[in-house]
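Q: Residue numbers (the numbering used here): -7 to 589.
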RNA sequence: GGGGCUGUAGCUCAGCUGGUUAGAGUGCCGGUCUGUCACACCGGAGGUCGCGGGUUCGAGCCCCGUCAGCCCCGCCA
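1) Can you say whether residue 130 is buried or exposed, counting buried as having 16 or more other CB atoms within 10 angstroms of its CB?
2) CB-CB under 8 Å to residue 425, same chain, minus the five flanking residues each way: which ones, in chain order?
3) For residue 398, which option in 320, 422, 436 and 338 has the closest C-alpha, if you only look at C-alpha atoms?
4) With distances taken from CA atoms, which of 372, 436, 272 and 325 is nearest residue 549?
5) With DSSP run on the structure shown, which of helix, strand or coil describes residue 456?
6) How close, in whole Å, do the beta carbons of residue 420 and residue 341 come, if the pair is a contact with beta carbons under 8 Å?
7) Where residue 498 and residue 184 are concerned, what is the direct C-alpha to C-alpha distance, given to the nearest angstrom?
8) Is there contact here, the segment 58 to 75 with the segment 28 to 44, by at least three beta-carbon pairs under 8 Å?
9) Given residue 354, which residues of its chain have a CB within under 7 Å of its CB, disregarding the five upstream and five downstream residues?
10) Would you call residue 90 buried or exposed, if buried means 16 or more other Cβ atoms sit within 10 Å of its Cβ?
11) Can you tell me the Cα-Cα spacing of residue -3 and residue 6, whole angstroms?
12) Under a three-way DSSP split, which group does residue 9 fall into?
13) Residue 348 lies in the alpha helix (DSSP H); which residues open and close that run?
14) Give me the residue from 155, 82, 180 and 261 with the minimum Cα distance to residue 481.
15) Please name the residue or residues paired with residue 363 in a DSSP beta bridge.
16) Using only CA atoms, which one of 41, 310, 401 and 294 lies nearest to residue 412?
17) Where does the unbroken beta strand (DSSP E) through residue 523 begin, and where does it stop?
18) Does DSSP put residue 315 in a helix, in a strand, or in coil?
19) When DSSP builds the beta bridges, which residues end up paired with residue 603?
20) From the DSSP secondary-structure annotation, give me the bridge partner or partners of residue 45.
21) Taking only the alpha-carbon atoms, compute the straight-line gap between residue -5 and residue 4 and give it to the nearest angstrom.
22) Tell whether a beta-carbon distance below 8 Å holds between residue 403 and residue 438.
23) Report the rounded CA-to-CA distance for residue 491 versus residue 323, giving the unit in angstroms.
24) Let me make sure I understand the geometry here. Which of 239, 388, 99 and 348 has the alpha-carbon closest to that of residue 365?
25) Residue 500 bridges to which residues according to DSSP?
26) Cutting at 8 Å between CB atoms, please list the residues of its own chain near residue 522, excluding the five before and the five after it.
27) If we ignore side chains and look at the alpha-carbon of each, how far apart do residue 504 and residue 461 end up?
28) Taking DSSP as the reference, what is the three-state secondary structure of residue 193?
29) To the nearest angstrom, how far is it from the Cα of residue 376 to the Cα of residue 347?
30) Bridge partners for residue 77 per DSSP, in chain order?
31) Would you kindly check if the distance between the Cβ of residue 39 and the Cβ of residue 55 is under 8 Å?
32) What separation, rounded to the nearest whole angstrom, lies between the Cα atoms of residue -7 and residue 76?
33) Output the boundary residues of the alpha helix (DSSP H) element that contains residue 582.
34) State the DSSP-derived secondary structure class of residue 609, mapped to helix, strand or coil.
35) Residue 512: buried (16+ other C-beta within 10 angstroms of its C-beta) or exposed?
36) Tell me where the alpha helix (DSSP H) around residue 386 begins and ends.
This is the structure we're talking about:
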């Protein structure tokens, strides 16, 4: 094998025997060859110490007075930060008082007998080795000099975790008899959903491919084709404005299975998530609890509730109505509900805290936030004078607690109270009951009102099957219809979503018609799917796990950009390579394109 | 498309109420140093105060515009 067959260490190559971070006391006495980057150099005159770094860690190389003159010359003059060196020499135990307990390799060092700079480095534009307490460089610079930023141990750990998660997902799904199949990147524009990235065709003037927003239709056709269980680590593209947790291209663990119902799909996804979290060092229990969408909205005001904490939203209409609070009166007459949060220990919230909560509520279009605080016999707050101790007891506000409440239509009060709940938890520093609170959210509505017209529009992609009990009301009462759609949620983060698909081509045509597509358009855009469904389609459904977000959570990273090697900025630019950039005129001409000035 | 925050040395930041020659730490360059591990110590170089315009006797600081990065709303079937 390598190095003439006597090296069993996988790290070894024809140029090195070990990686830097793996040397220990057991290697003392061995002669090793290493390659790595100069992390730091400490030149004491007669002796020079070099911290040599690779992806496994750091080891100290010592060049003492006994080292060969050439080695001493290189160590004294040529070892600029971040240059690549190869070093050879014996591993020695450090004297007792010179061990470094903060370093995994701190009991030993390498005495250099050969030393060569094989990759000289210009002074780095941003530091790789940071001093204690030194802030990270501006993110703009980290993205521009990504090759340097990626040398930092934190980024290396994130990307190596990402690697392990990918391998684990592949293994778990393969063991569950899922088949990994790739689908096209050059595909067809979709009429619904996010904006597509378009790719002009050279061979077909005026025609365009689109990059996939997801492999949705392809994976359904794979079910029609009989592959039974499919998965893919799929790159997806959506041309929409970005966020901290949204990139224009992103990765999903995409899966689909045949002859399944919802329970089967949830089981497969749980298996993957449990293994991914295990890979990240967390034990989580199966099965995950389930909650209907309606319940989530009612108790938490969001479809991705954070169940690490108690503190549900409660309907206080019945208790509050008799009190005759002026702030609520007119809305109550219009049939609105009063909903609120009984915050245990909320007395610790200052007047300023409550005002800031109210401001946050107003930003979301809420009427404002009413509050009542009880401390011993004293009852205070914006609506305090309307409450007796008994009335407070009736809504669960005891001594030292605060009741926060608002009035209005659910579509306003739900997001307001969700926001207030999060803020309260954060401001009071409430400790989570458990580290990871997974839940399924099921029974999503099939339609939602168009924000402008109020007309029903599909809440999900148009391949989602309606709940069989609700199909009869599709036309008569669309908003009451549920979809066979489900989300996986962890600690208030949406990890992914899926559904059972429509397999009846007639139903699928009705849904497209509902979207306002003529039968000509339907055949032009979705003919290949409908043909498939007519060719003998098994019942099927699937899921897509947002892999970047999952990795971000497991890495404890603050941004998606910290778990993606080469991410885009919030304006979808790549600062490292400088994309996008103007095309040269000859290329445009060949693509039959003109750019308007 | 809208709102907010930030932009000063290679990097991280300070810079008062608008007032003399814009500072610190680190990095970089030169020097001393045989047990350091953010080595220490001595010396030095290094600035389009993002960019453009305006107000003012005078602008890093105030005003307008613009660019970039970040955060949020809209958007993301």
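Where a beta carbon is used, it is the ideal one built from N, C-alpha and C, also for glycine.
Note that the structure is predicted; figures quoted are calculated from it, not measured.
A: According to the structure shown:
1) The residue given as residue 130 occupies position 138 in the first chain. Answer is exposed; the Cβ neighbour count stays below 16.
2) Sequence index remark: in the first chain, residue 425 carries index 433 (1-based). The residues are 300, 301 and 302.
3) As a working note, residue 398 is residue 406 in the first chain. Comparing Cα-Cα distances from residue 398 to each of 320, 422, 436 and 338, the minimum goes to 320.
4) Position 557 of the first chain, counted from the start, is the residue given in the question as residue 549. Taking only the C-alpha atoms, the option nearest residue 549 is 272.
5) The residue labelled residue 456 in the question sits at position 464 within the first chain. Three-state result, residue 456: strand.
6) Counting from one through the first chain, the residue named residue 420 turns up at place 428. Counting from one through the first chain, the residue named residue 341 turns up at place 349. Their Cβ separation, rounded to whole angstroms, is 7 Å, which keeps residue 420 and residue 341 in contact under 8 Å.
7) As a working note, residue 498 is residue 506 in the first chain. As a working note, residue 184 is residue 192 in the first chain. The straight-line gap from Cα to Cα measures roughly 20 Å.
8) yes
9) The residue you call residue 354 lines up with position 362 of the first chain. The residues are 360.
10) On the first chain, position 98 is the one that residue 90 refers to. Exposed, because fewer than 16 other Cβ atoms sit within 10 Å of the Cβ of residue 90.
11) Here residue -3 refers to the residue found at position 5 when the first chain is read from its first residue. Here residue 6 refers to the residue found at position 14 when the first chain is read from its first residue. Note that residue -3 scores 49 on pLDDT, short of 50, meaning its location in the model is unreliable; the coordinates nonetheless yield the value given after this. So the two alpha carbons sit approximately 11 Å from each other.
12) The sequence position of residue 9 within the first chain is 17, counting from 1. Correct three-state label for residue 9: coil.
13) Indexing the first chain from 1 puts residue 348 at position 356. Note, residue 348: alpha helix (DSSP H), 343 to 355.
14) Taking the first chain and counting its residues from 1, the one referred to as residue 481 is at position 489. For the residues 155, 82, 180 and 261, the minimum Cα distance to residue 481 belongs to 261.
15) In the first chain, residue 363 corresponds to position 371, counting from 1. In DSSP, residue 363 forms a bridge with 396.
16) Looking up residue 412 in the first chain gives position 420. If we check each option's Cα against that of residue 412, 294 comes out closest.
17) Stepping through the first chain from its first residue, residue 523 is reached at position 531. Taken as a continuous stretch (DSSP letters only), residue 523 belongs to no beta strand (DSSP E), being part of the alpha helix (DSSP H) at 511 to 526.
18) On the first chain, position 323 is the one that residue 315 refers to. Residue 315 falls in the helix class under three-state DSSP.
19) Past the boundaries of the shown model lies residue 603; the chain is included only from -7 to 589, so the question cannot be answered.
20) In the first chain, the residue the question calls residue 45 occupies position 53. According to DSSP, which records beta bridges pairwise, residue 45 is partnered with 29 and 50.
21) Translated into positions along the first chain, residue -5 becomes position 3. Translated into positions along the first chain, residue 4 becomes position 12. With a pLDDT of 44 at residue -5, under the threshold of 50, the modelled position of that residue is not reliable, and no figure is offered here.
22) Walking along the first chain from the start, residue 403 turns up at place 411. Walking along the first chain from the start, residue 438 turns up at place 446. Not a contact, by the Cβ cut-off of 8 Å.
23) Taking the first residue of the first chain as position 1, residue 491 is located at position 499. Taking the first residue of the first chain as position 1, residue 323 is located at position 331. Looking at the two C-alpha atoms, the distance is approximately 37 Å.
24) For the purposes of this step, residue 365 is taken as the residue at position 373 of the first chain. Nearest C-alpha to residue 365: 388.
25) Here residue 500 refers to the residue found at position 508 when the first chain is read from its first residue. DSSP output for residue 500 lists no bridge partner at all.
26) Numbered from 1 along the first chain, position 530 holds the residue referred to as residue 522. Excluding sequence neighbours, residue 522 sits near 497, 500, 501, 514 and 515.
27) Taking the first chain and counting its residues from 1, one reaches residue 504 at position 512. Taking the first chain and counting its residues from 1, one reaches residue 461 at position 469. For residue 504 and residue 461, the distance between alpha carbons rounds to 20 Å.
28) Residue numbering aside, residue 193 sits at position 201 when the first chain is read from its first letter. The answer is coil: DSSP assigns residue 193 none of H, G, I, E or B.
29) Locating residue 376 in the first chain gives position 384, counting from the first residue. Locating residue 347 in the first chain gives position 355, counting from the first residue. Going by the C-alpha atoms only, they are around 15 Å apart.
30) Numbered from its first residue, the first chain carries residue 77 at position 85. Beta-bridge pairing links residue 77 to 28 and 109.
31) Taking the first residue of the first chain as 1, we reach residue 55 at position 63. Taking the first residue of the first chain as 1, we reach residue 39 at position 47. Against a cut-off of 8 Å, the Cβ pair of residue 39 and residue 55 comes out as a contact.
32) Position 1 of the first chain, counting from 1, holds the residue named residue -7. Position 84 of the first chain, counting from 1, holds the residue named residue 76. The pLDDT assigned to residue -7 is 40, lower than 50, so where the model puts this residue is not dependable, and the model offers no usable value.
33) In the first chain, counting from the first residue as 1, residue 582 sits at position 590. Its alpha helix (DSSP H) spans residues 577 to 582.
34) Past the edges of the chain, shown from -7 to 589, lies residue 609, and the structure says nothing about it.
35) Here residue 512 refers to the residue found at position 520 of the first chain. Per the 10 Å Cβ criterion, exposed.
36) As a first step, residue 386 must be located in the first chain, where it is residue number 394. Note, residue 386: alpha helix (DSSP H), 381 to 386.
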